[in-house]
Every structure is written in structure tokens, then in C-alpha cells.
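Asker:
Residue numbers (our numbering): -2 to 244.
#1: Quickly, what does DSSP pair residue 14 with across the bridge? List them, please.
#2: Which runs of the beta strand (DSSP E) spanning at least 3 residues fall entirely within the segment 174 to 219, listed in chain order?
#3: What do you get for residue 153, buried or exposed, if any count of 16 or more other CB atoms within 10 angstroms of its CB means buried?
#4: Mapping DSSP to helix, strand and coil, what is residue 49?
#5: Suppose the cutoff is 8 Å on Cβ atoms and the five residues either side in sequence are ignored; what does the same chain contact list for residue 182 look like?
#6: Report yes if the CB atom of residue 93 is closer than 8 Å to the CB atom of residue 138, and no otherwise.
#7: With DSSP as the reference, please indicate the residues paired to residue 165 in a beta bridge.
#8: What would DSSP say about residue 154, mapped onto helix, strand or coil?
#9: Can the beta-carbon of residue 128 be found less than 8 Å from the beta-carbon of residue 149?
#10: In the segment 77 to 105, which residue ranges form an unbroken alpha helix (DSSP H) of at least 4 residues, counting only runs that do not cross its ends?
#11: In the DSSP output, which residue or residues are listed as bridge partners for residue 138?
#12: Indicate the three-state DSSP secondary structure (helix, strand or coil) for residue 71 in the structure shown.
#13: Check residue 30 in the structure and name its three-state DSSP category.
#14: Cα-Cα, which of 57, 71, 53, 58 is closest to residue 245?
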């Protein structure tokens, strides 16, 4: 085994293979930038997620691939539901569906960020739409008075769920989406929700920073576990998932 330190450098990808460099090569600044270029072909995307890498770029940039250190992760057992959110869910203000309008969710995630800029370009929407058709990309929707009020989407692979983005058109809708998603993932025996990078919203719900090396080990341990993808064919969470009055 070589004792030479790994050189941290950005790699340039082409469109002919799904190769990615070792995530340990990612830059410290900007944190986690690993590679530039390539395409959003479904095989490349799946290869990236299996290695703890994800795309994140805006419409004025080439495709940028990241593996930050630390990684923000939410484990089901660490989910924190505040008293106020328990009251919100107990009132029954929201209802929830699973994977019923994926393309609406990703489009709203994009449009609600237009004022500040979004990485969910049309190219990204098309690519993740294909992953949805292939059975990898999933969504959870939040409804209020018959209208879509919030939602979250990401990739389900093995025992891992890779959260990509969420939106909220009503107060507390995105928090409700994460809470219900996490309880559903726990019921289905998923090991964790990858939140990519931390933000205050996620930290209040119990997400924790995990060193990249530890995250990659966790990923390798769970990416091949046998969570039945057919579970996502149900239209709604079980009633016990959304009833937090007793927790």
C-alpha cells in the first residue's frame, strides 16, 4: 500500500464512460468538488450515487460533480419532531401521497428557487425523470385542501435514500414532508437519508455531519441491501406514519 497522500484535484470527464475518480481526491475548497463535465446519462448518475457523488451546477456552468466532507446525513432514529410539528400533523392539515406526481414535484422544486437561482435545470429534470421511469427516483407529496403544498424527491437505492430537493408552498409543508418520509423510510428499513450538505432546517430535524470516509463506508454497507422497491408502489403512507400525536 502506498503511503503517498492522495492528490486533491478536479478531474475532467468525457461522455464515453461512467468513470469517476476516488472521492478522496475532491477539493477542500470549494468543499467536495471532484469532477467537471460528462453528461447526465442514467448509467453515469447511478454510478455516481453508488460512489457517494452527486451533480450540482447551475445553468451557466458545466456539470459539476461533488463529494463533500463532511456529509449531512439524517438517520431515522435521530429524527427530531418538535412539539409544534406534532400539533400540525395531529390537526390533519396536510395529507400525503407517495410517488404519485414526481414530475410536478421536481418542477416545483425548480420553480420555487428561480428567484435565487436553481441547479434543477431542465436538463436535470429530464435526467431525473428518466431515473423515475426506471424505478430509482421517488417523491413524497404534501397536499393541503386538494392542492400540492410541498414535496421532496430523491433516489432510492438499496437501503439508502439520496435526498435531492424539496419545496414548500405553505408553512411547515417541507418539514412535514421530511418527517413523514423519514418515518416511512424507517418502516421500510432504509438506513439513512443523505442530505448532502447541512443547513439549519435539516439540523433542527436531527441531521448530523458525517465524515466523508465514514459516509462512504456506510454507503458501501447499505447500497446493496434488499429493501423491496415495490414498497413505493403504495399511493399513501400508512396512517400510523402520519399520526404523531402519540410520539
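Every residue, glycine too, gets a C-beta built ideally from N, C-alpha and C.
For clarity, every value in this text was computed on a predicted model and none was experimentally measured.
Answerer: The answer reads as follows:
#1: According to DSSP, residue 14 bridges with nothing at all.
#2: The segment 174 to 219 is shown to contain whole beta strand (DSSP E) runs of 3 or more residues at 189 to 193, 205 to 207, in chain order.
#3: buried
#4: Coil, per DSSP.
#5: If you ignore the 5 residues before and after residue 182, its C-beta comes within less than 8 Å of the C-beta of 73, 158, 190, all in its own chain and listed in chain order.
#6: yes
#7: In the DSSP assignment, the residues bridged to residue 165 are 147.
#8: strand
#9: no
#10: Entirely contained in the segment 77 to 105, the alpha helix (DSSP H) runs reaching 4 residues are, in chain order, 80 to 88.
#11: 94, 148
#12: strand
#13: strand
#14: Because residue 245 is not part of the residues shown, which for the chain are -2 to 244, the question remains open.
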